[in-house]
Structure formats: structure tokens, C-alpha cells
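K.L.:
Would you mind keeping the following structure in view while I ask a few things?
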Amino acid sequence: RGRHDLTARAYRVSPASNRIGLRTEGPALERAREGELPSEGMVLGAVQVPPDGRPVVFLADHPTTGGYPVIAVVHPPDLPAAAQAPPGTPVRFVPVGRH
Numbered sequence: 023r024g025r026h027d028l029t030a031r032a033y034r035v036s037p038a039s040n041r042i043g044l045r046t047e048g049p050a051l052e053r054a055r056e057g058e059l060p061s062e063g064m065v066l067g068a069v070q071v072p073p074d075g076r077p078v079v080f081l082a083d084h085p086t087t088g089g090y091p092v093i094a095v096v097h098p099p100d101l102p103a104a105a106q107a108p109p110g111t112p113v114r115f116v117p118v119g120r121h
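Using our numbering, you'd call the opening residue of the sequence shown number 23 and step up by one each time.
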């Protein structure tokens, strides 16, 4: 359900965004489980859902591990635009096929 909700909702870039991650403002995603999960490796572009339910896209200085659910990965060619987006920029997550 989280992936469906992610693609059905509109978000904006939060002023709290930085080189670690593009933080979003908008409707919170419902998490199936509260708290942290076992740490796992993170990749550039991973979309993680922290406890507040607002997706975070990991950018250039992202951590190497994380303990919140990852529900998607941003298509690599779209990451430069995401990294440069100023606060308030509308953000939509659109599913794409596997390559």
C-alpha cells in the first residue's frame, strides 16, 4: 500500500532538505510497523520512510546504512534535478518499469 500511496500523492521539497536527503512535506505515508528495522545498506536515490511518514530521498552524502523502510529508488537520471530542487518545489513519485 505504501508504494501506491507514494505515487498517488503530491509532495513539496522541505526546507529541511540537504546533501544527505531531499525531505518532503505533504501527506504522511502509513507505516506497517513502527520504529526501526535492522540496518541495511542504502543506495543513492533510496526513498526511505522515517517515523513521521514523510518520504526522504537519499542524495550524495546519504548514510551507508539505514533502519527505516525503503519503498522505492529514484531513477538515477532524475537525481540531479531532485538534488537541486529548492524548498517548495512540487515533487511527484511516478512508477517506471525495471530496466
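We put the beta carbon where it would ideally sit given N, CA and C, even for glycine.
(1) Bridge partners of Gly-63, per DSSP?
(2) Residues bridged to Gly-44 by DSSP?
(3) Can you give me the start and stop residues for the alpha helix (DSSP H) that Pro-37 sits inside?
(4) Got a sec, what are the start and stop residues for the alpha helix (DSSP H) Pro-102 sits in?
(5) My understanding is that Gly-88 touches Gln-70, with C-beta atoms under 8 Å, so please give their C-beta distance in whole angstroms.
(6) DSSP beta-bridge partners for Arg-114?
(7) Between which two residues does the beta strand (DSSP E) carrying Val-69 extend?
(8) In terms of alpha-carbon separation, which member of Leu-44, Leu-51 and Pro-85 lies closest to Pro-93?
P.N.:
Let me spell this out:
(1) Paired residue(s): Thr-87.
(2) Note on identity: in this sequence residue 44 is Leu, with Gly being the wrong assignment. Note: Leu-44 sits in a beta bridge opposite Val-79.
(3) Where Pro-37 is concerned, there is no enclosing alpha helix (DSSP H), given that its DSSP letter is neither H nor E.
(4) It spans 101–106 - the alpha helix (DSSP H) in which Pro-102 sits, taken as one unbroken run.
(5) Confirmed, about 6 Å.
(6) Its beta-bridge partners are Ala-32.
(7) Segment 68–70, the beta strand (DSSP E) holding Val-69.
(8) Reading off the sequence shown, one finds Ile at residue 93, where the question assumed Pro. Shortest Cα-Cα distance from Ile-93 to any of Leu-44, Leu-51 and Pro-85 involves Leu-51.
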